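In the numbering used here, the protein residues as written are 1 to 144.
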């Protein structure tokens, strides 16, 4: 089974570019070039994608490292001034964002939406009636 996958992958590489060969490396078969040997609309010519097959031949592995971003294209992180500004606590942030004015216009989620959000049945969100509340034990026995 493994030889079938490897031979198919080797045929794929040699059919795209017959001058490139596969070399074994720690149980993997890597291409001998740094650029991708598989052509297509999603892989550019200047990419440095490495394609390999695991030693058992069940998995095809693709390695594509992250592109380096030039320093000139980066932006600084805005940090609050420690001397002049005061640090906001979590409570202040929550109070600002969850004020009554903000929550006044918003509707609560419906029972159907709650059921979908939390993967429960609709019965979980309806109130429990008097019949069940009267039979609930107010002081359950303590564990030993």
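Glycine included, each C-beta is placed from N, C-alpha and C at the ideal position. What you are looking at is a predicted structure, and each value in this text was computed from that prediction instead of being measured.
Rounded C-alpha distance that separates residue i from residue j
| i | j | result |
| --- | --- | --- |
| residue 140 | residue 109 | 33 Å |
| residue 100 | residue 114 | 22 Å |
| residue 67 | residue 59 | 25 Å |
| residue 135 | residue 121 | 23 Å |
| residue 29 | residue 107 | Low per-residue confidence applies at residue 29: pLDDT is 47, beneath 50, and the placement is therefore not dependable, though the value from the model is reported in the following sentence. Near 58 Å, if we compare the C-alpha coordinates of residue 107 and residue 29. |
| residue 128 | residue 111 | 14 Å |
| residue 125 | residue 143 | 30 Å |
DSSP state of residue i mapped onto helix, strand, coil
| i | result |
| --- | --- |
| residue 52 | strand |
| residue 75 | coil |
Residues bridged to residue i (per DSSP)
| i | result |
| --- | --- |
| residue 61 | 52 |
Close Cβ partners of residue i (< 6 Å) along its chain, the five nearest in sequence each way excluded
| i | result |
| --- | --- |
| residue 61 | 52 |
| residue 119 | none |
Residue i, enclosing alpha helix (DSSP H) - first and last residue
| i | result |
| --- | --- |
| residue 136 | Looking at the DSSP string, residue 136 is not in any alpha helix (DSSP H), and its letter there is neither H nor E. |
Residues near residue i in its chain [Cβ-Cβ closer than 8 Å; skip 5 each side]
| i | result |
| --- | --- |
| residue 117 | 109 |
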